[in-house]
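Protein chains in written order, with the numbering used here: chain A, 762 to 1053; chain B, 4 to 181.
All C-beta atoms, glycine included, are put in the ideal place defined by N, C-alpha and C.
It should be emphasised that the depicted structure is a prediction, and the values quoted were computed from it without experimental measurement.
Worksheet: the structure to be examined is printed underneath.
This is the structure:
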């Protein structure tokens, strides 16, 4: 008797699980929203425990790097020397740019503002590459926004709860970002494949790309702002073109979510441009009539 | 069947351990792709526990925990919960054999059950056209989970005193009941 009840309960649970899986497959956004609202409820209560553990582990990781401090120091000095040269060049360029802009009377596009959030958790699964931030709808995060780590693009917001937001990293297999490779000006699609260097696909002319070329977002599709740094082109082991990401994924602590004001769109063609037409005779008569 | 009676304390301990396993997975150490794959400790814990103390693992407790893990860890919800629940139930059915046999037999049967579950998972995901990275990750997951099993058993045995009832104890209980 007891055993029969047990079996029925087991069957019931199995059916519920199958139903949830099928529902997820058919109506993904709704189940994902449910998942996010669950995390939204649970995580803030765990946040106070997450932070100390994460920072402690980071301290340990930093401590492990202590033995190569000397080496690192020399490396940094060399780099600093190089950077000083660049800084000089940048200052000169900025000055020149300002002068040219003054000549041109350019109106810059509105600046993109951002909200910074802290990484609470990762996906927890080796099959997915995502992170959960501690900012959400009440902080003004919008679904689909671009996220950067101060240097380069990190990923895209996919799913916003009240206090949390999930970011799909560029390395996730579901991540697709339209990019532009400079200086060749080639458009391509950056496709995550669960490795640290995502693939470049649908390149117009791969011959024109060289390892080391800069990759920036193209802004195609209107979801991301254009000209965000993504990384540099690199050749993979099988000769496929990949992108070495500029964002430092190893130290993903704080992430900026860009708040983009939507650009003005021009809805249609303009009206006829010409000298103002003389008023129609009937109208002039009417106007004169009112004037009297 | 000679078992301990259901004890809420043990069930609470199992729940706490299971939730801390999910929590451990969630800590943001794996933001880089291609990190070493972490073992699925929840399944290892549930398997080791169900062989030793099935009484403190009622279905109404394990099933929601598995579903919570699926939802929290960004997996296709319901699928791995279903497979691990079936796997745990299969091990529960064989527990007398596994308890009395040598430890390697228990380990091997855990590995076999996990392999079957993972193969089914891959098959169902392929059939439903869910995008997945290459099978390498699954193989690594299988290897590290199987490797972590003895450690989980040891920790349960020594630290939390989760042990299967000894034959002598069982016969004494039998006598008392009879």
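### Query
Which of helix, strand or coil does DSSP assign to residue 956(A)?
Coil.
### Message
Can you give me the C-alpha to C-alpha distance between residue 1039(A) and residue 854(A), rounded to a whole angstrom?
### Response
One alpha carbon belongs to residue 1039(A), the other to residue 854(A), and they sit about 52 Å apart.
### Task
Please confirm if residue 26(B) has its CB atom under 9 Å from at least one CB of chain A.
By this cut-off, residue 26(B) is an interface position.
#### Entry: Contacts that residue 18(B) makes with chain A (C-beta to C-beta distance below 9 Å)
Within 9 Å Cβ-Cβ: nothing; residue 18(B) doesn't reach chain A, min ~14 Å.
### Query
Under the DSSP definition of a beta bridge, which residues are partnered with residue 917(A)?
907(A) and 929(A)
### Query
Checking contacts by CB at 9 Å: is residue 120(B) closer than that to chain A?
no
### Which of helix, strand or coil DSSP assigns to residue 814(A)
helix
### Query
Would residue 810(A) count as contacting chain B if we go by Cβ distances under 9 Å?
Chain B has a Cβ within less than 9 Å of the Cβ of residue 810(A).
### Message
When you compare the CB of residue 979(A) with every CB in chain B, is at least one pair closer than 9 Å?
### Response
no
### Message
Just to confirm the assignment, what range does the alpha helix (DSSP H) spanning residue 20(B) have?
### Response
In the DSSP assignment, residue 20(B) falls within the unbroken alpha helix (DSSP H) covering 11 to 29.
### Query
Shortest alpha-carbon distance to residue 122(B) belongs to which of 139(B), 108(B), 110(B) and 106(B)?
139(B)
### Query
CB-CB under 7 Å to residue 135(B), same chain, minus the five flanking residues each way: which ones, in chain order?
128
### Task
Kindly indicate the opening and closing residues of the beta strand (DSSP E) around residue 892(A).
891 to 894
### Message
For a minimum of 4 consecutive residues, which ranges assigned as the alpha helix (DSSP H) are wholly contained in the segment 932 to 996 of chain A?
### Response
Runs of the alpha helix (DSSP H) inside the segment 932 to 996 of chain A: none found.
#### Entry: Contact list for residue 885(A) against chain B, beta-carbon separation under 7 Å
28, 29, 75, 76 and 77
### Task
Could you tell me whether the segment 938 to 955 of chain A touches the segment 809 to 821 of chain A, using the rule of 3 or more Cβ pairs below 8 Å?
In the pairwise beta carbon analysis, the segment 938 to 955 of chain A is classified as not touching the segment 809 to 821 of chain A: fewer than three pairs are separated by under 8 Å.
### Query
On the three-pair Cβ rule with 8 Å, is the segment 43 to 59 of chain B touching the segment 155 to 167 of chain B?
Segments in contact, yes.
### Message
Could you compute how far the alpha carbon of residue 1036(A) sits from the alpha carbon of residue 861(A)?
### Response
34 Å
### Nearest-angstrom Cα separation, counted from residue 28(B) out to residue 813(A)
16 Å
### Task
Using a cut-off of 7 Å between C-beta atoms, extract the partners of residue 35(B) located in chain A.
957, 1010 and 1011
### Minimum C-alpha distance to residue 773(A) - residue among 13(B), 58(B), 67(B) and 110(B)
67(B)
### Query
Do you know whose CA, among 1000(A), 791(A), 888(A) and 775(A), lies nearest residue 82(B)'s CA?
Residue 82(B) has its Cα closest to that of 775(A), out of 1000(A), 791(A), 888(A) and 775(A).
### Query
Whose Cβ in chain B lies nearer than 8 Å to the Cβ of residue 1063(A)?
Nothing can be reported for residue 1063(A): it is not among the residues displayed for chain A, which extend from 762 to 1053.
### Message
Looking only at its chain, what residues have a beta carbon closer than 6 Å to the beta carbon of residue 143(B), apart from the 5 residues adjacent to it on each side?
### Response
40
### Alpha-carbon spacing of residue 845(A) relative to residue 852(A), whole angstroms
11 Å
### Message
Once DSSP output is grouped into helix, strand and coil, what is the label at residue 787(A)?
### Response
Helix.
### Query
Does the segment 918 to 928 of chain A come within contact of the segment 783 to 798 of chain A, defined as at least 3 CB pairs closer than 8 Å?
yes
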